[in-house]
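S.K.: All residue numbers for the first sequence refer to this note's numbering, where the first residue is 133 and numbers rise by one.
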Amino acid sequence: MPELPEVETVAAALREHLPERQIIGVVTRCERLRRPIPIAALQNEVNAVICGVRRRAKYLLIDLDSGRTMVIHLGMSGTLRLVPENETAERHDHIDIKLDDGSVLRYRDPRRFGLVILVTPDADGQIAELGNLAPEPLSKEFSGEYLYNLSRKRTSPIKTFIMDQRRVVGVGNIYACESLFRARIRPTLKTGTLSRKRCQLLVDTIKAVLTEAIAIGGTTISDFYGVDGSEGKFALKLKVYGRSGDICPECGTSIKKITLGGRSTFYCPKCQK
DNA sequence: CGTGCTGTTGCTAG
DNA sequence: ACTAGCAACAGCAC
133 MPELPEVETV AAALREHLPE RQIIGVVTRC ERLRRPIPIA ALQNEVNAVI
183 CGVRRRAKYL LIDLDSGRTM VIHLGMSGTL RLVPENETAE RHDHIDIKLD
233 DGSVLRYRDP RRFGLVILVT PDADGQIAEL GNLAPEPLSK EFSGEYLYNL
283 SRKRTSPIKT FIMDQRRVVG VGNIYACESL FRARIRPTLK TGTLSRKRCQ
333 LLVDTIKAVL TEAIAIGGTT ISDFYGVDGS EGKFALKLKV YGRSGDICPE
383 CGTSIKKITL GGRSTFYCPK CQK
């Protein structure tokens, strides 16, 4: 589920609750997600105090006063919720972080594509284990000129390109489809054929769409929820994603569904050239 | 019952 | 160096 706006929604909520809380217990109920859960290392953080919550790409970073950082990725179906300590864990509730105010940070992930690890950031707070991540889409570094320069001579479809985490992070399938629709760019267009002007338009549109989605709590399709169980409202704003066969809200043409890079892709054949 | 989707990432093979 | 394909998993719609 979670793309950048969903992760940012979770990070913002956690920022309200977690700082200054002390970890008083850790419960794990499964051995591994995408990678093994470092159970002993997590247990070692009992008594640590949470000093901050950050987001980088689609990763949540929970900084601890031990000098270590818990890195959490929600994969396709991961959720984090803050629940009272007496709430019983259900199937797929894999990790509980018990806090000193009686609340529990609970990680659930039916498909187990997520990631929970402990790392030690370097002096700048950077995390080597995350590798060389591309620029944040909402940063100044991600500009029309940046996209234009990177895209020259590239023959892959523009949609595949903007979803490539080595070019820009955080843009997943939903926001790629929606941004291309709003920028009136056909997802199949060869990246290298985009003009400077259209690169600028696409970058501006991606920023606007992500910002709008963050403002209303992200997108709930089936299993994304805020830490309090609330649903993201951006689902109501989707114009093409998941709407094959529906009529385009701009021109009435039937929305088409194709596959690009193995991912379902939705667009309006009339509006997007 | 199957079959074929699903918001991600990273490995493999070409 | 590049891209496409697939695997990891559970659930759900058909």
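For each residue, glycine too, the CB sits at the ideal point set by N, CA and C.
The beta strand (DSSP E) with M202 in it runs from where to where?
M.R.: The sequence position of residue 202 within the first sequence is 70, counting from 1. Here the beta strand (DSSP E) through M202 covers 201-205.
S.K.: Within 10 Å of its beta-carbon, does A143 have 16 or more other beta-carbons around it, so buried, or fewer, so exposed?
M.R.: Residue 143 sits at position 11 when you count from the first residue of the first sequence. Flag for A143 reads buried.
S.K.: Can you give the beta carbon distance from R238 to D225, rounded, assuming they're within the 8 Å contact cut?
M.R.: In the first sequence, counting from the first residue as 1, residue 238 sits at position 106. In the first sequence, counting from the first residue as 1, residue 225 sits at position 93. Their Cβ separation, rounded to whole angstroms, is 6 Å, which keeps R238 and D225 in contact under 8 Å.
S.K.: Between the alpha carbons of I353 and G393, how many angstroms are there, rounded?
M.R.: Working through the first sequence from its first residue, we reach residue 353 at position 221. Working through the first sequence from its first residue, we reach residue 393 at position 261. Whole-angstrom Cα-Cα distance: 21 Å.
S.K.: For P401, which residues from the same chain have a beta carbon less than 7 Å from its beta carbon, with the 5 sequence-adjacent residues on both sides left out?
M.R.: Translated into positions along the first sequence, residue 401 becomes position 269. Excluding residues within five positions, the ones whose Cβ falls inside 7 Å are T385, K388.
S.K.: State the Cα-Cα distance for the pair E140 and R147, rounded to the nearest angstrom.
M.R.: Working through the first sequence from its first residue, we reach residue 140 at position 8. Working through the first sequence from its first residue, we reach residue 147 at position 15. Taking the straight line from one Cα to the other gives about 10 Å.
S.K.: Tell me the DSSP bridge mates of R238?
M.R.: Position 106 of the first sequence, counted from the first residue, corresponds to residue 238. Note: R238 sits in a beta bridge opposite R213, D228.
S.K.: Tell me the DSSP secondary structure of G332 in three-state form.
M.R.: On the first sequence, residue 332 is found 200 positions in, with the first residue counted as 1. The sequence given here has Gln at residue 332, not Gly. Three-state result, Q332: helix.
S.K.: Taking the runs of the beta strand (DSSP E) that are 3 residues or longer, which of them lie wholly in the region 242-271?
M.R.: Runs of the beta strand (DSSP E) inside the region 242-271: 247-251.
S.K.: Closer than 8 Å is the cut-off here; do at least three beta carbon pairs connect the region 226-236 with the region 265-284?
M.R.: Verdict: no, contact absent.
S.K.: For Q175, which three-state DSSP category applies?
M.R.: Mapped onto the first sequence, residue 175 falls at position 43. Q175 falls in the helix class under three-state DSSP.
S.K.: Rounded to whole angstroms, what's the CA-CA distance from P216 to C162? Just pull it up for me.
M.R.: If you number the first sequence from 1, residue 216 lands on position 84. If you number the first sequence from 1, residue 162 lands on position 30. Their backbone Cα atoms lie some 21 Å apart in a straight line.
S.K.: Out of curiosity, what's the CA-to-CA distance linking C183 and Q154?
M.R.: On the first sequence, position 51 is the one that residue 183 refers to. On the first sequence, position 22 is the one that residue 154 refers to. Looking at the two C-alpha atoms, the distance is approximately 9 Å.
S.K.: Is the region 345-352 in contact with the region 283-290, if contact means three or more CB pairs nearer than 8 Å?
M.R.: No, the region 345-352 is not in contact with the region 283-290.
S.K.: Taking V181 and I194 to be in contact with their CB atoms under 8 Å, please state how far apart those CB atoms are, rounded to whole angstroms.
M.R.: Working through the first sequence from its first residue, we reach residue 181 at position 49. Working through the first sequence from its first residue, we reach residue 194 at position 62. The pair is not a contact, with the Cβ atoms about 11 Å apart (cut-off 8 Å).
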